[in-house]
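Those sequence lines, one after another, are chains G and S.
Residue 29 is where the first sequence starts when you use the working numbering, and the numbers rise one by one after that.
Residue 1491 is where the second sequence starts when you use the working numbering, and the numbers rise one by one after that.
No residue lacks a Cβ here, since even glycine has one placed at the ideal position from N, Cα and C.
Being a predicted model, the structure only gives us computed values, none of them experimental.
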Amino acid sequence: MNEGFSTVVASGQGNAAQLLRAVAEQLKVPLTTIARETELAGRAGGVAFPDTDTATSLATQHTLASIAVQSDIALRLVDGYLLGLNIAEGQQALDFEPVSLAALMTDTAQELHALARQHEVQLEVQLSGKFAPVMAHAQGVRMALLSLGYGLVEASGACGNTRLSLAVHRTSRGVTAGLYGAFEALGAAEWRRAITQIGLSQRPMPGLAATTGAGLFVAETLFAAMSTGLRVGRFRKQSGLAATFQASQQLRLV
Amino acid sequence: MNAAPVLLIEPDRSLARTYRTALEAAGYMVEWAGTAQTAIGRADEQRPSLVILELQLAQHNGVEFLYEFRSYGEWQDIPVIIHSFTPPANLATLRQTLENDLGIVATLYKPRTSLDILVAAVRRHVPAESTA
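Here it is as structure tokens:
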């Protein structure tokens, strides 16, 4: 088991871990059903609701789109949680490979687009320079950044932040990938306290997220399983959560 | 020209109904089976042009089903698409067997596969109308 293994996963040891895994696996079925049923209803459009006027039809389409986005996010968070669990328990090899954080961050922004639009949050990818690839578990980092994005976009909607920067930048520790915004309630002490509250509180970060903040903790679980801590960071007068990686020595061409 | 028959092996009834609706809208004739045993019976009644298979089945797993399915001469060349809740990473060790020995033409991870993607995958291997 990896050192620094997250509280989220560690709290689920033994039977509890098996139960959580089973629940997560089981959740995929109803969530997929919702996602596909929504897709089918969206395809039908006016045919499914022939007697509704245009405004009602538009509202229905809007609702369907919202359900589709939410069910997709929930499925990805479940997958992220299970991936973190598999890595932490050694059921999935932690194969490191050269990963371009800039490319991953751009992909993450695209994946977050629909959710950000729903929450009226503007996404900005900020790449401060050129970066050599870092050695990381590509799938894990991709899923962790996406989960972090889900958490912070939803937090943005809840606390009035309208702009989220998806940044890759250099710090004294290495190459850092983080998501930043005007989150006044996000400090190192609050984050530490939130980590200890997972599973004990329905709102571990009351100043930031109106919900459980599942995306943040799935990201934390994944980064911890990969022995890469997720920490509070700052970027251009914004605060957020970030992880730092070491550049690949073999591929340092930039 | 007839609608090409597709055998959908899907244990979840709600999901099966959704996939069936989407495939029928795309012009296919769908036979549904919730278990491996039923699937063999359905295939016996009408030879499918393509099989869509969930690996996580009650009583038998999908790989066991595939070995039996391929053991019958008349079904050896029917394309099979795996459409499953089993994550692709979990199938890594089986991939060579699935592709080379069991004739899998595509592997789709169900939570990430939209109806459009599923229909497109079926279309790649079987046109909606067949001369059979």
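Burial state of residue i, where buried means 16 or more other Cβ atoms lie within 10 Å
{"i": "glutamine 167 of chain G", "result": "buried"}
{"i": "histidine 90 of chain G", "result": "exposed"}
{"i": "valine 246 of chain G", "result": "buried"}
{"i": "asparagine 1590 of chain S", "result": "exposed"}
{"i": "aspartate 1567 of chain S", "result": "exposed"}
{"i": "lysine 1437 of chain S", "result": "There is no way to answer for residue 1437 of chain S, as the model of chain S reaches only from 1491 to 1622."}
{"i": "aspartate 100 of chain G", "result": "buried"}
{"i": "valine 75 of chain G", "result": "At valine 75 of chain G the pLDDT is 48, less than 50, meaning the model places this residue with poor confidence and gives no usable figure here."}
{"i": "glutamate 65 of chain G", "result": "buried"}
{"i": "arginine 264 of chain G", "result": "exposed"}
{"i": "leucine 129 of chain G", "result": "buried"}
{"i": "arginine 1447 of chain S", "result": "In the structure as shown, chain S begins at 1491 and stops at 1622. Residue 1447 of chain S is therefore absent and cannot be evaluated."}
{"i": "tyrosine 1562 of chain S", "result": "exposed"}
{"i": "arginine 1537 of chain S", "result": "exposed"}
{"i": "valine 36 of chain G", "result": "Note that valine 36 of chain G scores 49 on pLDDT, short of 50, meaning its location in the model is unreliable; the coordinates nonetheless yield the value given after this. With 16 or more other Cβ atoms within 10 Å, it is buried."}
{"i": "asparagine 189 of chain G", "result": "buried"}
{"i": "aspartate 107 of chain G", "result": "buried"}
{"i": "glutamine 138 of chain G", "result": "exposed"}
{"i": "tyrosine 1557 of chain S", "result": "exposed"}
{"i": "threonine 82 of chain G", "result": "exposed"}
{"i": "glycine 268 of chain G", "result": "buried"}
{"i": "isoleucine 226 of chain G", "result": "buried"}
{"i": "leucine 86 of chain G", "result": "exposed"}
{"i": "serine 193 of chain G", "result": "buried"}
{"i": "threonine 1603 of chain S", "result": "buried"}
{"i": "phenylalanine 47 of chain G", "result": "Here residue 47 of chain G turns out to be leucine, not phenylalanine, going by the sequence shown. Looking at its Cβ environment, which holds fewer than 16 other Cβ atoms inside 10 Å, leucine 47 of chain G is exposed."}
{"i": "glutamine 150 of chain G", "result": "exposed"}
{"i": "arginine 170 of chain G", "result": "buried"}
{"i": "arginine 104 of chain G", "result": "buried"}
{"i": "serine 1539 of chain S", "result": "buried"}
{"i": "leucine 1505 of chain S", "result": "buried"}
{"i": "histidine 141 of chain G", "result": "exposed"}
Where the alpha helix (DSSP H) through residue i begins and ends
{"i": "glycine 1552 of chain S", "result": "1552-1561"}
{"i": "alanine 1523 of chain S", "result": "Premise fails: alanine 1523 of chain S lies in the beta strand (DSSP E), 1519-1523, not in any alpha helix (DSSP H)."}
{"i": "glutamine 230 of chain G", "result": "Note, glutamine 230 of chain G: premise wrong, no alpha helix (DSSP H); not H, not E."}
{"i": "isoleucine 1530 of chain S", "result": "1526-1535"}
{"i": "leucine 1505 of chain S", "result": "1503-1515"}
{"i": "leucine 250 of chain G", "result": "242-253"}
N- and C-terminal bounds of the beta strand (DSSP E) containing residue i
{"i": "leucine 176 of chain G", "result": "Looking at the DSSP string, leucine 176 of chain G is not in any beta strand (DSSP E); the run it does join, the alpha helix (DSSP H), is 166-187."}
{"i": "alanine 152 of chain G", "result": "The residue asked about is misnamed: residue 152 of chain G is glutamate in this sequence, not alanine. That run of the beta strand (DSSP E) goes 150-155."}
{"i": "leucine 1497 of chain S", "result": "1495-1499"}
Under the three-state DSSP convention, the category residue i falls into
{"i": "isoleucine 1572 of chain S", "result": "strand"}
{"i": "glycine 74 of chain G", "result": "Because glycine 74 of chain G sits at a pLDDT of 46, beneath the cut-off of 50, its placement in the model cannot be relied upon, and the point is left open."}
{"i": "arginine 267 of chain G", "result": "Note that residue 267 of chain G corresponds to serine in the displayed sequence, not to arginine. Here serine 267 of chain G sits in strand by DSSP."}
{"i": "glutamate 273 of chain G", "result": "Checking the displayed sequence, the identity of residue 273 of chain G turns out to be phenylalanine instead of glutamate. Phenylalanine 273 of chain G: strand per DSSP, three-state reduction."}
{"i": "leucine 1547 of chain S", "result": "coil"}
{"i": "glycine 261 of chain G", "result": "strand"}
{"i": "leucine 1598 of chain S", "result": "strand"}
{"i": "proline 1617 of chain S", "result": "coil"}
{"i": "leucine 1540 of chain S", "result": "strand"}
{"i": "proline 161 of chain G", "result": "coil"}
{"i": "proline 1578 of chain S", "result": "helix"}
{"i": "alanine 63 of chain G", "result": "helix"}
{"i": "valine 36 of chain G", "result": "Because the pLDDT of valine 36 of chain G is 49, which lies under 50, any placement of that residue in the model is unreliable, and the number read from its coordinates should be weighed accordingly. Reduced to three states, the DSSP call for valine 36 of chain G is helix."}
{"i": "valine 1612 of chain S", "result": "helix"}
The ligand NAP heavy atom lying under 6 Å from the CB of residue i
{"i": "alanine 195 of chain G", "result": "Of ligands this structure carries none, so the ligand NAP is not represented either."}
Is there contact here, the region 258-276 of chain G with the region 1495-1507 of chain S, by at least three beta-carbon pairs under 8 Å?
The region 258-276 of chain G makes no contact with the region 1495-1507 of chain S; the number of CB pairs closer than 8 Å stays below 3.
Pairs of beta-carbons, one from the region 234-243 of chain G and one from the region 123-142 of chain G, closer than 8 Å: are there three or more?
With the cut-off at 8 Å, the region 234-243 of chain G and the region 123-142 of chain G do not touch.
Give the list of continuous beta strand (DSSP E) stretches no shorter than 3 residues that lie fully inside the region 78-133 of chain G.
Fully enclosed beta strand (DSSP E) runs of 3 or longer: 125-127.
Ranges of the beta strand (DSSP E) found wholly within the region 189-217 of chain G, counting only runs of at least 3:
Listed in chain order, they are 191-199, 202-209.
Does the region 171-188 of chain G touch the region 219-230 of chain G, meaning 3 or more C-beta pairs lie closer than 8 Å?
Using a Cβ-Cβ distance cut-off of 8 Å, the region 219-230 of chain G and the region 171-188 of chain G are not in contact, since fewer than three pairs of beta carbons, one from each stretch, lie closer than that value.
Validate contact between the region 192-211 of chain G and the region 251-266 of chain G using beta carbons, cut 8 Å, 3 pairs
The answer is yes - the region 251-266 of chain G touches the region 192-211 of chain G, with three or more Cβ pairs under 8 Å.
Any contact between the region 109-127 of chain G and the region 45-55 of chain G? By contact I mean 3 or more CB pairs, one from each, below 8 Å.
Contact check between the region 109-127 of chain G and the region 45-55 of chain G: three or more CB pairs, one atom from each, fall below 8 Å, which counts as touching.
Hey, is the region 1569-1589 of chain S in contact with the region 1528-1546 of chain S, meaning 3+ C-beta pairs nearer than 8 Å?
The answer is yes - the region 1528-1546 of chain S touches the region 1569-1589 of chain S, with three or more Cβ pairs under 8 Å.
Does the region 1604-1613 of chain S touch the region 1514-1526 of chain S, meaning 3 or more C-beta pairs lie closer than 8 Å?
Yes: at least three Cβ pairs fall under 8 Å.
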